[in-house]
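Quick notes on the structure that follows.
As structure tokens, this is what we get:
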């Protein structure tokens, strides 16, 4: 669904919010929430990153708990399951500080199991929980043009969906259980990783056939008509793997989470397994700091290039 | 490279051409050549299909050889290696009829080995050979909007490239040996098949998670920004596998040819192997007449759906 | 290394032991320890199973903690990570009850991560920890003919290795860190699962070629000269999947643990991924109670049989 | 079925035979036929290899045709499809020289398609055709201890099976169409290749876990109780890949033929695809002359070893 103006008649346009996790993605998201007129308390482990938002009107606080004070909803944008658990369950965590009726909106790419755990914890505490995962790189977050996949109780979705519009160009609803958004988000990341692997194998084969990669890439961009193909393909063709737009270690983590979901729901995903193994090979050979498009090196090396 | 007007100053705009293989794709291609003002003799095994082009000005002939009479170039658009060999090497085939200096332009998706064989045969006969493979479904061929990947000697490419513009919206050059275009074409088809498998696994997993496929498809179309994703995804979501836009048996054939090329040039393509095995499973379970998107049934059944 | 008589001169031949987990495997193992003259306190969640060992001289107790009382070493043979953690860390668990200097010998097929966790917990408590994983089905355990793969500090291995001889026909040492035995055990299970998948694909293909499975199986048994091939092959040929000798759900669990280890140490195992996905498909289609050789149904169904 | 004495009452014990292809395997096979008392005319492209059999009583001839003169049956043991076709269809080939009623017994590992083609050619010429594929390395052939998998018309099998006993310790029957033996032979080779890949992945993973390969190999030999596991495992552990017992390029060829059969009969073999891709990677990286156990290098390199 395309971005619509929030339904101002029913819900107050301006909310008091918290935002925990001012990393590369969280920064742009929080900034857009501020830009939309919301009052936002921001927390980041490395305080400097959060302070950069002060000029946009953010209140910088010292703990997740502090970000929850008086907040109708608190966003989290955190790197992984373990970090999210810390931020929620820790002594100065969200769980203890969020008011009854307050809502935790998790935008992190965490496991479906972790999302279920969060939903249960918050329910027990009389709080709400939504998953609102996003696709897009940091620059897209800053531009407010992410794609959001949300899930949770209908009433909460209706109430908080306008907030997602502050940083998203489109919002989709996966279902009424928050973890369903995480499942969809992980499958979407797998779609991208699958495209990367297809490019990697094609480029390796074509190089061995003495076919230049550029005309093939141009043809694929024309065929798929996709800017994503153009961007990813270009990175592989030019071997521009540093600095990382999205680090291989994070892609590897996500690939593992996808397979965990496949295991949970008993749905074999052989291509996801393959993609995971290729990312793991890249990790074993070069470490995980380069961009995840560097997985293309694995196919090249296998072919003796 | 985007379509440009043909360089009329150097080469005559109108050529005398042959076209062998007036199938669903060949029909639209030949018609566009006629529409561009060329004189085209057309041959098809089932004569009726060729006769439908008479009203567009085509001369309908009774053999590939007859299509070569006086032709500067003869196109072939044929279903597979064996059929192309018949049309070229048969008693009334192209090889014996094409004049010295005449050029065979093969648009068929045949193996790289077959393309090399053709190039050698024609060279021996003092004739030219180009591969000019195309992406696009029949309706796109009729609209003159295919994407072409050509390869062959530079001089021939320069001379005949304008012809490709009659039915293509873009023409790319893979290299100076004709078979290189076939390698690139096969890799492109693999890119599409890889996307189909990624969709198949994602939809199966999401169905088992009780996530509706539509919002996921919508998100992917937004994320990739690709009409191809929209079209293929829609066919899978709606399970509209009949009638076939592109029959699974043809996709299976192409997947096999991709692996043959990978074998020839010693470049392992594990995802291409996976895709081939999934198409083969679909073929074993349901036969090969349905659209190749029906490969999605394999993932669904594996998941117990 | 083949079974040798225990070095009686250095260590007392008879020890006071605990044994937690009197399942199908634990029963035979504990019984052989009793038969070798050791004093064994046995605990099982379902007390009846443990009581069957009373006639062999076992003392049946009511908690893991009770099994540790006065014991030099306590064995565990438990179904999975979670159950082992319960038995060790629970209120009436091993950790709190085992004396300083006492040793926990874990024979369970648990994850390498769990083994490392156990080693750390016991080290902190001034206790020892060994992994001593075993291959063999329940009847082999009863016959005292298992194959053991042990790992841990050299001093502990030397001291307790004779105990393993009570139920093993051969004992191998993987290294000085307990989890290394778990890694080797998981790889061994993967070797078996790989054989099953190879059989499954071969039988499916040969059935479609109208080749009877029996002569092929006979040839393979002759070629590999392996009783394991004979036994597994026979189960698949005769489709005798019930009752389970080793339940598919357990094989699926182990396959997941193998991949977890591969991930931890950054070593891609594409065949292990494939085997996992096939077991998962069998699980999705038929549930996990049948023998894990029933994975052969997946290949058969994929081939349309 | 175990080797039995030939039924001497019905068929003459001594036959006049031809043997075409005195390579490393053919040498031992022909020698055992000579040793069993048969009269054998031998042909090899490189005549020296054949002449080494003269002292065993062989008549060395100059063409496949000459080997057929007066022969009741002619064996072929040839490297691949193309070479077998040459030897059979060439001007001085078997087809033209074998008498009506004569039988061609093909022991080569050729494709099922090639075996069907041979059967048809010989049937047309009023000749018989049997496939009698063998497992075993050259030394085993010399010892007369190969394992044979034969197929063809019942009457021919009955008549010539005793001959196979001259060089085989066991003979199995795949069916009544010769190509069925080739299908079974290819699946058997896949079983071995699958074992190699399982070892390769396990050793790579265990090396990254600092587990010595030897105790793991010892445990697997104990577990599977297989000399084949011991031999192959030892080659991998000691990295003794030269000289080749069975060259990687031949293993790669066979893996391709297995997949061709799988394609023909529509039975997906994902593990066979994986094994093929790994052999292809080894070939791309190191060429095909080393022993096929050198495929283990692929897993090691992928893991960054």
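Protein chains in written order, with our numbering: chain S, 85 to 389; chain U, 85 to 389; chain X, 85 to 389; chain E, 85 to 389. We put the CB at the ideal spot given by N, CA and C, even for glycine. Since the model is a prediction, treat every value here as computed from it, not as a measurement.
**Q.** Straight-line gap, residue 381 of chain E to residue 277 of chain E (C-alpha atoms, nearest Å)
**A.** 14 Å
Q. Around the Cβ of residue 264 of chain E, are there at least 16 other Cβ atoms within 10 angstroms (buried) or fewer (exposed)?
A. buried
Q) Using a beta-carbon distance below 8 Å, is residue 418 of chain U in contact with chain X? A) Coverage of chain U is limited to positions 85 through 389, which leaves residue 418 of chain U absent and any answer about it impossible.
Q: Mind checking the stretch 351-366 of chain U against chain E and listing, in chain order, the residues whose C-beta falls within less than 8 Å of any C-beta there?
A: 351, 352, 353, 354, 357, 358, 360, 361, 362, 364 and 365
Q | Interface partners of residue 175 of chain S on chain E, CB under 9 Å | A | Ordered by position in chain E, no residue passes the 9 Å Cβ test against residue 175 of chain S, which lies about 36 Å from the chain.
Q: Establish whether the CB of residue 223 of chain S and some CB of chain U are separated by less than 8 Å.
A: no
(Q) Measuring only the C-alpha atoms, how far is residue 307 of chain E from residue 116 of chain X? (A) 20 Å
Q. Using a C-beta cutoff of 8 Å, does residue 202 of chain E count as contacting chain X?
A. no
Q. When you compare each of S:363, S:226, S:250 and S:211 to residue 236 of chain S by their alpha carbons, which one comes out closest?
A. S:211
Q. Below 8 Å between beta carbons: does that hold for residue 148 of chain S and residue 187 of chain S?
A. no
Q) Residues of chain E with CB under 7 Å from residue 388 of chain S, in chain order? A) 368 and 369
(Q) Does chain S have any CB closer than 8 Å to the CB of residue 302 of chain U? (A) yes
Q) At which residues does the alpha helix (DSSP H) containing residue 265 of chain U begin and terminate? A) 262-292
Q) Would residue 360 of chain S be called buried (16 or more neighbouring beta carbons within 10 Å of its own) or exposed? A) buried
(Q) Can you tell me whether residue 193 of chain U is helix, strand or coil according to DSSP? (A) coil
Q: Would you mind listing the beta strand (DSSP E) stretches within the stretch 172-242 of chain X that are 3+ residues and don't spill past its ends, in chain order?
A: 187-190, 212-219 and 230-235
**Q.** Residues within the stretch 295-325 of chain U neighbouring chain S, beta-carbon criterion of under 8 Å
**A.** 295, 296, 299, 300, 302, 303, 304, 306, 307, 308, 309, 310, 311, 312 and 313
Q | residue 151 of chain X versus residue 249 of chain X: straight-line alpha-carbon distance, rounded | A | 21 Å
Q. Which residue from U:281, U:130 and U:136 puts its Cα closest to that of residue 114 of chain U?
A. U:136
Q. Whose Cβ in chain X lies nearer than 8 Å to the Cβ of residue 340 of chain S?
A. 347
Q) Do you know whose CA, among U:189, U:207, U:204 and U:108, lies nearest residue 216 of chain U's CA? A) U:189
(Q) Check whether chain U comes within 8 Å of residue 293 of chain S, counting only Cβ atoms and requiring the distance to be less than that. (A) yes
Q) Would you say residue 195 of chain U reaches chain S, if we count a Cβ-Cβ gap shorter than 8 Å as a contact? A) no
Q: Taking only beta-carbon positions, decide if residue 271 of chain X is within less than 8 Å of chain E.
A: yes
Q: For residue 113 of chain E, go through chain X and note every residue whose CB falls closer than 8 Å to its CB, in chain order.
A: Result: empty, since nearest Cβ-Cβ is about 17 Å, beyond 8 Å.
**Q.** Top-ranked residue by Cα proximity to residue 239 of chain U, from U:259, U:225 and U:252
**A.** U:259
Q: With 8 Å as the threshold, decide whether the Cβ of residue 378 of chain S is near any Cβ in chain U.
A: no
Q | DSSP bridge partner residues for residue 143 of chain S (one or two, in chain order) | A | S:125
(Q) Please return the same chain residues whose Cβ sits closer than 7 Å to the Cβ of residue 86 of chain U, not counting the five positions on each side in sequence. (A) Residue placement at residue 86 of chain U is poorly supported in this model, since its pLDDT is 45, which falls under 50; the coordinates still yield a value, given next. Same-chain partners within the cutoff: 254.
Q.
Distance check for residue 269 of chain S and residue 110 of chain U, CA to CA, integer angstroms please.
A. 42 Å
**Q.** Proximal residues of chain U, C-beta to C-beta of residue 329 of chain S below 8 Å
**A.** Going along chain U, no residue has its Cβ under 8 Å from residue 329 of chain S, so there is no contact; the nearest lies around 15 Å.
Q: Give me whichever residues DSSP pairs with residue 102 of chain X in a beta bridge.
A: X:125 and X:158
Q: Identify each residue in the stretch 231-257 of chain E for which the Cβ-Cβ distance to at least one residue of chain X is less than 9 Å, and report them in chain order.
A: 231, 232, 233, 235, 253, 254, 256 and 257
Q) Going by Cα to Cα distance, which pick from U:367, U:335 and U:321 is closest to residue 194 of chain U? A) U:335
Q. Apart from the five residues on each side of it in sequence, which residues of its chain come closer than 6 Å, Cβ to Cβ, to residue 292 of chain X?
A. 387
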